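Notes follow the structure.
Protein chains: 2
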Amino acid sequence: MIQVAVMGYGTVGSGVVEVIEKNKEEINKKSGEEINIKYILDLRDFPGDPFEDKIVHDVEKILNDPEIKIICETMGGLKPAYDFTKRALLSGKSVCTSNKELVAAHGPELINIAHDNKCNYLFEASVGGGIPIIRPLNYSLTAEKIDAITGILNGTTNYILSKMEKEGADFEDVLKEAQEKGYAERNPEADVEGYDACRKIAILSSLMCGKNVKYEDIYTEGITKITATDFVYAHACGRTIKLLAQSKEVDGRFYAMVAPCMISTSNPLYMVNDVFNAVCVHGNMLGDSMYYGRGAGKLPTASAVVSDVVDCARHIGKVIMCFWDSEDVALTGIDEASRRFFVRVPLEQESKALQVFESVSVIEANVPGEFGFITDVMTEKEFNRKAEEVGIISRIRIE
Amino acid sequence: MIQVAVMGYGTVGSGVVEVIEKNKEEINKKSGEEINIKYILDLRDFPGDPFEDKIVHDVEKILNDPEIKIICETMGGLKPAYDFTKRALLSGKSVCTSNKELVAAHGPELINIAHDNKCNYLFEASVGGGIPIIRPLNYSLTAEKIDAITGILNGTTNYILSKMEKEGADFEDVLKEAQEKGYAERNPEADVEGYDACRKIAILSSLMCGKNVKYEDIYTEGITKITATDFVYAHACGRTIKLLAQSKEVDGRFYAMVAPCMISTSNPLYMVNDVFNAVCVHGNMLGDSMYYGRGAGKLPTASAVVSDVVDCARHIGKVIMCFWDSEDVALTGIDEASRRFFVRVPLEQESKALQVFESVSVIEANVPGEFGFITDVMTEKEFNRKAEEVGIISRIRIE
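Written out as structure tokens, the structure reads:
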């Protein structure tokens, strides 16, 4: 029997307990041993909860119990999760986490500590909720040189954009509705400003490079400026707008970005709607592969945490390979990145825009008082210079 | 250094050599040791080939060389691959294969022999080409009770159906063109009759159940009877037609089938076009997840074989868990399966059809001389009885 502790009995933590309980038979079989939850750490009491007797308030009880081999860290945030995780790993207990903030901030350090202590720090649930993506990168695409990862990594923003598209509604209205339904937080900044997706692409980028991509270095732009009119243009040119988190290597230079982008119907991410997430991985032999599913939610996320528990159970005392060195990757600034741009300008600037941007594809969208077009490929720097010269209304990157 | 042999220097085998050569750095790093190809078995000589000096004609040279730890079996077919694989595993050499025929026919026996001899029989490349699907089922979705798998598992038929849809062309014309382009074999039976997809869903179904699903027991229907007119109806009701390979467990009964089905735009498989493959997996916690990519082709398939080589290299002397018992699963006959059906009847049978099928959704497709509709949910047996009573032109299952 393998004794497990769950730290944090919130949404994901209670989901972990539920998954281990409901799928006991499958999980024990796949683990090769019985998995038993011995403790649940939380500051609160849970009178009447079926697992009430497992609740402990003192982390020392878990950290000092030599029987505990695996800990599920489902607290979130850096404090005290970082400290607890570090101490657990130092004492040879494996930790499985859904905490993307902690993984993005201290991933390589914690992985190293784990390996030095013959245990594992696994984080399948930190990106893409229940979609297997960390393990496919580490275990499956091992014959590939991966040179690009593009994902829809935040369910809240994808829900908002899908709804804006379907209903022709504006951002603020859909956000309010999403908050009422519980799909968006009361303080929605982490989602709508792209910070959540930024942590997640930092993790995926690090696994792609095998080195550390600091999330603070990633250019991040949210969806708050996207309007119903932008979707009118998107439709008129057979595209939609998605918040993409991207990372790519071109000629030895690494680029990473989170930003709303226009994508065409031929992009496999086009059909990823509502709260679904998906990650496209490009390898030099395989080309594109895509991983799609529920990127958030109690049970999908918990399922990913428990899949890590099974992996740890199969590897007690053994290190599971993970290539994520602490050496920081120097990202190339977004100014140097080249692409096309969708641009809206006031009607009176039409001839100026045509003159400055030279070759453009005009979008016939019949939006009164303005003119919309797609530029040729150019660097962000060049685009910004031209956009300033013309005086544009807004722009969205084309992917 | 880990010595590897490749058996069969055809399309996939030469791809394996190419992948190992081109991505040497990544592969050696991920394997934890240098991977070296020592022998390539083929009946032919390859004068001028850069690996000419590794070619051997006698399998004994490989089987009797204690240095060889891993063999890539890329010969295909049952003979002599079955015998060679068995002997290799009996001598403790791991085997990585792309041979779906052999895996579908003898999977559990070969896995058992491997485990008894502390080596591994891995077959990621046997389903979905380069798409990681076997490993996600075995390693990632370990916290799930998987109750349904639905896939587009054959690139040739998906290419043909996509082309028929796009061009309004008939099956025979598109097949001929696909053959000219090399997308379909000169003898296309294995693809167009669904036999290839049947082997693949047998493998996935076995992994879903943990027991053996015999491919011979799976109801298999190809795409040869699908016409341009069927796509006219599909479009008129917002659907398309795909060759689906399905497996599901309902109340402890297992169903499996390969057949063309009509699917709606909301199905994630709807957007899987051309030679792409995809597999949808339904788990009781995660809901649907999907794995998408190139399901065939030299390098994608080879990449999957080499990912198995890396996995074997990481586990020399150790058994990688795989749950596929030799006990056969008793599949429930297709007659008992319930679903809706799309039906075409001659115009003169309209009132008879409406009377016999009672509640139907009529499809307004303006096809002269006939009448198309979708039935309510009923068993296949009930449908067949009613269809015979009415005298229908054709039917396609709705998914």
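Just so you know, the protein sequences line up as chains U and P, in that order.
490 is the number of the first residue of the first sequence in this note's numbering; add one for each residue after it.
490 is the number of the first residue of the second sequence in this note's numbering; add one for each residue after it.
Every residue, glycine too, gets a C-beta built ideally from N, C-alpha and C.
Since the model is a prediction, treat every value here as computed from it, not as a measurement.
DSSP beta-bridge partners for residue i?
i: residue 749(P); result: 732(P)
i: residue 530(P); result: 496(P) and 545(P)
i: residue 820(P); result: 743(P)
i: residue 883(U); result: 833(U)
i: residue 641(U); result: 767(U)
i: residue 737(P); result: 637(P) and 744(P)
i: residue 561(P); result: 495(P) and 585(P)
i: residue 859(P); result: 835(P)
i: residue 786(U); result: Partner(s): none; residue 786(U) has no beta bridge.
i: residue 776(P); result: 772(P)
i: residue 868(P); result: 827(P)
i: residue 629(P); result: Its beta-bridge partners do not exist; DSSP assigns none.
i: residue 709(P); result: 747(P)
i: residue 781(U); result: 767(U) and 779(P)
i: residue 850(P); result: 863(P)
i: residue 611(P); result: 585(P)
i: residue 524(P); result: 491(P)
Looking only at its own chain, which residues have a Cβ that is under 7 Å from the Cβ of residue i, when we skip the five neighbours before and after it?
i: residue 535(U); result: 498, 541 and 544
i: residue 728(U); result: 751, 752 and 753
i: residue 892(P); result: As shown, chain P starts at 490 and ends at 888. That puts residue 892(P) outside it, with no answer to give.
i: residue 781(U); result: 620, 761, 765 and 767
i: residue 843(P); result: 849
i: residue 571(P); result: 591 and 595
i: residue 654(P); result: 720 and 729
i: residue 667(U); result: 645, 648, 649 and 673
i: residue 806(P); result: 607
i: residue 576(P); result: 552
i: residue 593(P); result: 688, 691, 692 and 704
i: residue 798(P); result: 493, 524, 559, 561 and 585
Out of curiosity, what's the CA-to-CA distance linking residue i and residue j?
i: residue 549(U); j: residue 779(P); result: 41 Å
i: residue 821(U); j: residue 813(U); result: 19 Å
i: residue 688(U); j: residue 608(P); result: 39 Å
i: residue 491(P); j: residue 683(U); result: 45 Å
i: residue 953(P); j: residue 496(P); result: Given a span of 490 to 888 for chain P in the structure shown, any question on residue 953(P) remains unanswerable.
i: residue 574(U); j: residue 580(U); result: 10 Å
i: residue 469(P); j: residue 692(P); result: The requested residue 469(P) is not part of the displayed model; chain P covers only 490 to 888.
i: residue 776(P); j: residue 537(P); result: 52 Å
i: residue 732(U); j: residue 665(U); result: 19 Å
i: residue 658(P); j: residue 853(P); result: 20 Å
i: residue 442(U); j: residue 624(U); result: Because chain U here runs from 490 to 888, residue 442(U) falls outside it and cannot be looked at.
i: residue 709(P); j: residue 848(U); result: 53 Å
i: residue 649(U); j: residue 628(U); result: 33 Å
i: residue 559(U); j: residue 711(U); result: 37 Å
i: residue 741(P); j: residue 705(U); result: 50 Å
i: residue 810(U); j: residue 772(U); result: 20 Å
i: residue 828(U); j: residue 511(P); result: 29 Å
i: residue 614(U); j: residue 599(P); result: 34 Å
i: residue 675(P); j: residue 786(P); result: 17 Å
i: residue 857(P); j: residue 839(P); result: 13 Å
i: residue 669(P); j: residue 758(P); result: 27 Å
i: residue 514(P); j: residue 736(U); result: 21 Å
Excluding the 5 residues preceding and the 5 following residue i in the sequence, name in chain order all residues of the same chain whose CB lies nearer than 6 Å to its CB.
i: residue 762(P); result: 651
i: residue 734(P); result: 640, 642, 686, 690 and 747
i: residue 663(U); result: 649, 652 and 653
i: residue 791(U); result: 501, 504, 505 and 508
i: residue 564(P); result: 496, 497 and 570
i: residue 826(U); result: 744 and 869
Can you list, in chain order, the residues of its chain whose CB lies under 8 Å from that of residue i, leaving out five sequence neighbours each side?
i: residue 701(U); result: 596, 597, 695, 813, 814, 815, 816, 817 and 818
i: residue 783(P); result: 618, 619, 620, 644, 764, 765, 766 and 789
i: residue 699(P); result: 812, 813 and 814
i: residue 578(U); result: 584, 599, 602, 603, 606, 608 and 610
Within 7 Å: the Cβ of residue i and any heavy atom of the ligand NAP?
i: residue 857(U); result: Although the ligand NAP was asked about, the structure shown includes no ligands whatsoever.
Any 3 or more C-beta pairs closer than 8 Å across the segment 613-624 of chain U and the segment 828-835 of chain U: In short, these stretches do not touch, since the Cβ pair count stays below three.
Any alpha helix (DSSP H) of 4 or more consecutive residues that is wholly inside the segment 563-603 of chain U: 570-579
Start-end ranges of the beta strand (DSSP E) lying completely within the segment 632-703 of chain P, minimum 3 residues: Those beta strand (DSSP E) runs which fall completely within the segment 632-703 of chain P and span 3+ residues are 635-641.
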